[in-house]
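Residue numbers (our numbering), protein chains in the order written: chain L, 6 to 358; chain E, 6 to 358.
Some notes on the structure that comes next.
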DNA sequence: TTGAAAGCGTTACCAT
DNA sequence: ATGGTAACGCTTTCAA
């Protein structure tokens with residue numbers, strides 16, 4: 006079942022069928038209806054590969070994110086979902102590419118073999134060879150996140166520096182003096198993950214401004230790591246009264262650790278951080294946090310990419326978002342610490358992924 | 006940059022280049038090396054559309070799941086992740102299709118336009134027009150889940166009936182007599198979602214066998230709905246001492262509702278259900294549950310699909326999984342109920358999505 | 001061991 | 001308003 010068959014049965018040429026379908030050339034009502042009847046009858050749909058080969062467009066966008074190893078985090082989920090749905094509204098399909106570096110087979114396939122018209126990259130590193138690669142080839146791409154030098158590129162980013170700082174100021178305003186930062190896994194920090202670095206920077210600077218005593222930790226992307234991390238925090242400094250987490254997946258574990266240590270949130274201990282709203286509302290008490298607007302970012306990235314694809318010479322555009330802190334129930338005034346503080350036990354050593 | 010260019014520079018024919026790449030015909034070492042040098046030098050990669058057009062294979066599989074509306078659940082995330090990674094090991098890319106019914110544009114594109122070699126379907130309904138459609142066309146597909154008549158089809162499923170029953174027996178063994186079921190949203194139940202129906206069936210039958218007093222609820226896929234649902238459960242029957250949830254996304258809200266009602270888990274109230282392990286470990290206390298082996302199911306689905314693609318006439322295969330209940334910390338012996346039971350207040354009315 | 005050429009199913013240019 | 005035909009870039013059969 007191909008366009009030739011349709012043409013034959015409708016008694017017209019193949020090009021007329023093509024034009025009737027694409028609307029790129031006027032076709033008389035009579036002819037179009039005749040063609041449409043045949044198409045409906047036979048259930049014809051043009052072959053995507055042939056079309057892509059002929060006109061050079063696949064109508065597919067690639068979504069590139071690092072292989073998760075064992076699992077993905079909630080925000081990644083939100084990003085993927087929003088990109089897929091936004092793409093669908095523009096009739097773009099989304100091809101997933103689990104690639105952390107530009108040498109990944111999947112990344113090579115996507116771009117080298119021209120499987121997609123453009124790409125959206127997630128989990129950007131400050132130095133990101135995938136981005137460099139794309140930039141060098143002038144391949145239509147939009148980053149969710151910024152490299153160290155984002156000028157001249159297309160991206161939608163979050164101001165992690167400002168967000169982490171806002172968390173610190175919020176806690177300082179509540180009177181907290183000893184605060185911990187729970188960052189993403191050591192491995193990601195070392196790899197240069199933007200959110201981990203900029204968040205750390207914002208935290209550190211704001212803490213210095215407010216004269217706080219701080220400690221910073223890396224933590225695996227899962228609940229058990231979060232629990233272990235919390236134990237270490239209290240072991241290192243039992244007088245800690247608050248924490249900021251950039252690590253969403255660890256949140257449940259952090260809460261559990263606090264509960265086991267007998268610290269009530271928010272009476273004895275305040276928790277805040279940068280987390281997608283949906284997950285902030287899952288825990289009890291609900292997390293006061295700078296809500297990462299994952300769905301909005303995914304949608305914006307698609308919009309930017311579509312614009313770039315439609316106007317290949319358009320100047321680079323970007324969006325830098327800095328959502329305010331949503332006050333929920335996990336932070337409160339610094340107290341005098343728990344009455345009967347439990348003697349800390351040395352925590353396990355597998356804090357990191 | 007195309008195969009002709011490579012051929013010219015290497016001083017061979019295009020077919021020789023093609024064969025050197027595919028290995029489908031012997032090529033002398035000398036020639037192959039010469040070609041490879043040129044390829045490396047120019048960074049050539051064959052165009053995927055042209056290749057797909059010529060040999061009829063896209064090396065892409067479609068992953069079909071309903072559009073989430075506002076968000077996806079954790080298990081969906083696990084499925085997507087595992088399918089993508091398993092696909093990558095076979096050098097298959099994954100194309101996402103947010104389609105709940107066979108008339109969705111994205112579904113039509115995927116299959117009708119032959120964008121993919123095969124498909125994996127999620128969120129199966131007992132009567133599923135997508136499955137019927139695929140079956141009728143003998144399109145290579147594998148379902149994650151089973152329709153009402155799964156014979157003759159390819160699938161990897163979970164024995165929701167047995168799992169829900171196991172939860173009931175577990176609670177009955179602990180002495181619970183009044184138990185609630187928290188199901189997926191009403192909308193999904195009405196649409197005929199397999200897990201919701203078979204889970205309900207298993208729950209109801211097992212409860213009857215054990216002579217339990219039960220109530221069943223539908224609940225939106227989010228924490229606030231879970232909280233509201235829990236309030237209604239205790240309002241309808243304050244003597245309820247345990248619940249089984251098929252709704253993972255509501256879990257955090259259920260816990261919060263219990264906490265607000267002053268019911269301690271597991272002392273005053275036991276919670277269990279069917280939930281992906283990763284999410285069962287996020288809550289405190291960790292959930293005793295039949296762990297939905299999402300990652301394994303995704304991997305199996307890919308393996309089945311690859312087999313079906315490699316052997317178009319192979320007889321249908323499937324896997325029915327029934328993981329045991331993982332004992333964690335959220336269930337315990339039925340007590341005599343809380344000492345000073347809080348007077349229930351009428352819950353809100355937006356229990357369902 | 002290699003080359004030539006005929007498809008694969010579209011699109012889009014050049015005619016009329 | 002429509003038809004004819006040359007691309008698009010690859011694979012694969014047929015010949016040598």
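Even glycine gets a Cβ: it sits at the ideal position worked out from N, Cα and C.
query                                                                                                                                                                                  : result
Indicate the three-state DSSP secondary structure (helix, strand or coil) for residue 270 of chain E in the structure shown.                                                           : coil
So, with DSSP's three-state summary, where would you put residue 172 of chain L?                                                                                                       : helix
Could you tell me how far apart the beta carbons of residue 152 of chain L and residue 125 of chain L are, in whole angstroms, since I believe they sit closer than 8 angstroms?       : Between residue 125 of chain L and residue 152 of chain L the Cβ distance is about 15 angstroms, and since that is not below 8 angstroms, they are no contact.
Cα-Cα, which of L/47, L/252 and L/93 is closest to residue 117 of chain E?                                                                                                             : L/47
Considering only C-alpha positions, which residue in the set E/272, E/277, E/228 and E/234 is nearest to residue 250 of chain E?                                                       : E/277
Hey, out of E/244, E/239 and E/180, whose CA is closest to residue 215 of chain E's CA?                                                                                                : E/180
Using beta carbons (cut-off 8 angstroms, strictly below), is residue 86 of chain L in contact with chain E?                                                                            : yes
I believe residue 4 of chain L touches residue 184 of chain L by the beta-carbon criterion, under 8 angstroms. Please report the beta-carbon distance rounded to the nearest angstrom. : The shown model of chain L, from 6 to 358, leaves out residue 4 of chain L, and the question about it has no answer.
Which residues share a DSSP beta bridge with residue 123 of chain L?                                                                                                                   : L/66
Where does residue 98 of chain L fall in DSSP's three states?                                                                                                                          : strand
Using a C-beta to C-beta distance shorter than 9 angstroms, which residues of chain E count as neighbours of residue 229 of chain L?                                                   : 286
Among L/104, L/98, L/298 and L/106, whose alpha-carbon lies nearest the alpha-carbon of residue 104 of chain E?                                                                        : L/98
Tell me whether residue 232 of chain L is buried or exposed, calling it buried when 16 or more other Cβ atoms sit within 10 Å of its Cβ.                                               : buried
Apart from the five residues just before and just after residue 194 of chain E, which ones in its own chain have a Cβ nearer than 8 angstroms to its Cβ?                               : 188, 201, 202, 205 and 223
Determine the chain L residues that contact residue 241 of chain E at a beta-carbon separation under 9 angstroms, and present them in chain order.                                     : By Cβ distance, chain L contributes nothing, its closest Cβ being about 22 angstroms from residue 241 of chain E, past 9 angstroms.
Quick check: what's the CA-CA separation for residue 225 of chain L versus residue 21 of chain L?                                                                                      : 59 angstroms
Taking 8 angstroms as the CB-CB cut-off, is residue 38 of chain E touching chain L?                                                                                                    : no
Under the three-state reduction of DSSP, which class applies to residue 159 of chain E: helix, strand or coil?                                                                         : coil
Does the segment 235 to 247 of chain E come close enough to the segment 145 to 159 of chain E that 3 or more CB-CB pairs lie under 8 angstroms?                                        : no
Taking just the CA atoms, how far does residue 39 of chain E sit from residue 92 of chain E?                                                                                           : 32 angstroms
How should residue 27 of chain L be labelled, buried or exposed, when 16 other C-beta atoms within 10 angstroms of its C-beta is the threshold for buried?                             : exposed
Could you check what DSSP says for residue 36 of chain L in three-state terms: helix, strand or coil?                                                                                  : helix
Look at the alpha carbon of residue 207 of chain L and the alpha carbon of residue 160 of chain L, and state the distance between them as a whole number of angstroms.                 : 20 angstroms
Near residue 301 of chain L, which residues of its chain fall below 8 angstroms by C-beta distance, leaving aside the five closest residues on each side in sequence?                  : 87 and 326
Give a yes or no on contact between the segment 167 to 175 of chain L and the segment 269 to 285 of chain L, applying the rule of three or more CB pairs nearer than 8 angstroms.      : yes
Whole angstroms is fine: what's the gap from residue 123 of chain E's alpha carbon to residue 259 of chain L's?                                                                        : 42 angstroms
Does the beta-carbon of residue 9 of chain L have 16 or more other beta-carbons within 10 angstroms, so that it is buried, or is it exposed?                                           : exposed
Provide the residue span of the beta strand (DSSP E) that contains residue 220 of chain E, from first to last.                                                                         : 218 to 223
In three-state DSSP terms, what is residue 233 of chain E?                                                                                                                             : helix
Closer than 7 angstroms, Cβ to any Cβ of chain L: which residues of the segment 252 to 274 of chain E, in chain order?                                                                 : 257, 260, 261 and 264
Output, in chain order, the set of chain E residues within a Cβ distance shorter than 7 angstroms of residue 89 of chain L.                                                            : 101 and 103
What distance in whole Å lies between the Cβ atoms of residue 334 of chain E and residue 290 of chain E, which are believed to be in contact at a cut-off of 8 angstroms?              : 4 angstroms
Along chain L, which residues have their Cβ under 7 angstroms away from the Cβ of residue 82 of chain E?                                                                               : 77 and 82
Given that a residue counts as buried once 16 or more other Cβ atoms are within 10 Å of its Cβ, and exposed if not, what is residue 178 of chain E?                                    : exposed
By the 8 angstroms beta-carbon criterion, what residues does the segment 109 to 138 of chain L contribute toward chain E?                                                              : 110, 111, 113, 114, 115, 117, 118, 119 and 120
Does residue 233 of chain E have its Cβ less than 8 angstroms from a Cβ in chain L?                                                                                                    : no
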